[in-house]
């Protein structure tokens, strides 16, 4: 089924605890999401870049077979973000954010995309996410991400969004902020009351919690021994999850079993993303490697003798 | 197989984020461990208490069928600890520690205990743990816990201990401190190099990581919606794990499969412990409830469709 992601494409400057730095790394939510989703099937992106976005970067997206008709190039510079990771890799400081073309009007959704069944609204102001939603008249399944900034500054619009989506993915701290509840299960249940059928709480190296109207799930992360750069882990996770769902032609994409299985796919692709800077690891990743790690992880979850 | 735990029995003063406080709660590592282990079979404790330890408290241990021949009563007061939990329940401040009789000589291991096959050395100075070890000539399987204080102040003795045990259980932060490695998998692998066959890294609400010479495992915690008091969760976890192993008459208790299954039992009993102050929940817990939650958890781990 046609899968679309709306979000950002940008250039990241990343500093990791070893002191190693990378400048001008192709990043952004759409980028990581679409690269991850591409292992399951076609994916289309809706995002905006500046004139500094070159053919070299387009070639990276092309490598993943990403449909970039919705990647609008405008006068100005592409979105830039700089961050520095703390020693444990689970926290980071934002060093700078330059919105650039991301500060203007949201990109238009191309006519050819309007038949999309499956939509992922990556982090954006909730007002923009709501506007995007209007542009997909045939949508059957919508999942959104958000961030602390919108929970604090645009709560009313975010709550409106929550009544119109199937699922929400968000970070551990954000679940607490949105719900006002310290216990993660209670926080997720509180968010369900606001509208969605399910909530996925991303906990980085600690995996995720999945609370659905029909049940509850929890997954550890894949036990990675070497984490080079956690940037994009969450967006890859969402890409693997949504790509898996969109590639399955079932009536109800949002049912508990389907989403739970999809989270395992998200977990595994994210575990590859963090093995190199930017899209480095996903660019070299073979489908066979992905399947092998998936199988090892599923085997790990099936505790023997119980 | 006979199971012995060496550690502490004490009185805790506990303050939780709701503001609720409980004074003089029966606690200590041996107490939580033995109550949890008792759901699988007999358990013996080696610990010391003061003259303020009453028949009422002995009756609680008797309720769980704990063998208290190794619970030595001495002149003086029982060990006391006071703590206050932070809002997220995952961190706490120690308000006071009164060693009292715990500051004297370690208790003697009764002659009747010396046939023990399975020994858990709960947190104690490594020198004391080493001395206890000497007193179990028939030991076949030994697991130890430790804490940050000993990693910092008694590292040489702790490293000596590590060469003489089958497994180590410790907290997330402690694994980092002991290994000097920030990545938990790398930290656990580093600790394996120091001697044990396996390391269990306890991560509280995030479950545990299990690194064994024969493989790796990771479990989420049981998704608890209501956490009243996390005190004793780690010791109950160890008790459920060791109780399960000791109740299985197999040749090699330390093999990957057996320990991994045991960690699931530890996870579930700990999820009950935190539902009330002290041993409150374990005292009312029915075997049937335990089995039902275990079954639900195992079902949750088996992600459908994969």
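Protein chains in written order, with the working numbering: chain P, 10 to 315; chain X, 10 to 315. Just so you know, even glycine gets a beta-carbon here, dropped at the ideal spot from N, CA and C. On a predicted model such as this, the values are computed, not experimentally measured, just so you know.
- Distances from the alpha-carbon of residue 13 (chain P) to those of P:118, P:154, P:87 and P:81 put P:118 closest.
- If you look at residue 198 (chain X), you'll find it in the alpha helix (DSSP H) that goes 193–202.
- Counting C-beta atoms within 10 angstroms of its own C-beta, residue 144 (chain X) has 16 or more neighbours from the protein chains shown and is therefore classed as buried.
- In the three-state reduction of the DSSP assignment, residue 40 (chain X) falls in the helix class.
- The C-beta of residue 18 (chain X) comes no closer than 8 Å to any C-beta of chain P.
- Between the C-alpha atoms of residue 103 (chain X) and residue 159 (chain P) there is a straight-line separation of about 36 Å.
- Taking a C-beta cut-off of 8 Å against chain X, the contacting residues of the stretch 205–218 of chain P are 212, 214, 215, 216 and 218, listed in chain order.
- The stretch 253–265 of chain P makes no contact with the stretch 236–254 of chain X: fewer than 3 CB pairs, one atom from each, lie closer than 8 Å.
- Using beta-carbon distances, residue 192 (chain P) counts as an interface residue toward chain X, with a partner under 8 Å.
- With a threshold of 16 other beta carbon atoms within 10 Å, residue 313 (chain P) falls short and is exposed.
- A direct Cα-to-Cα measurement between residue 216 (chain X) and residue 239 (chain X) gives close to 13 Å.
- By DSSP's assignment, residue 54 (chain X) forms a beta bridge with X:14.
- For residue 81 (chain X), the pairing in a beta bridge is given by DSSP as X:57.
- For residue 30 (chain P), the beta-bridge partners assigned by DSSP are P:24.
- The C-beta separation of residue 122 (chain P) from residue 282 (chain P) comes to about 25 Å, leaving the pair out of contact by the 8 Å criterion.
- Here residue 189 (chain X) is exposed. Its C-beta has fewer than 16 other C-beta atoms within 10 Å.
- The beta-carbon of residue 310 (chain X) is placed less than 8 Å from the nearest beta-carbon of chain P.
- Comparing alpha-carbon positions, the option among X:264, X:193 and X:67 lying closest to residue 44 (chain X) turns out to be X:67.
- The beta carbon of residue 180 (chain P) sits no closer than 8 Å to any beta carbon of chain X.
- Across the set X:126, X:209 and X:87, the C-alpha of X:87 shows the shortest separation from the C-alpha of residue 60 (chain X).
- Between residue 150 (chain X) and residue 89 (chain X), the C-beta spacing is not below 8 Å.
- Between residue 170 (chain P) and residue 194 (chain P), the gap from beta carbon to beta carbon reaches 8 Å or more.
- The CB of residue 299 (chain P) never comes closer than 9 Å to any CB in chain X; the least such distance is about 13 Å.
- Closest in C-alpha terms to residue 220 (chain X), from the list X:34, X:181, X:301 and X:129, comes X:181.
- Any Cβ of chain X closer than 8 Å to the Cβ of residue 234 (chain P) would place that residue at the interface, and such an atom is present.
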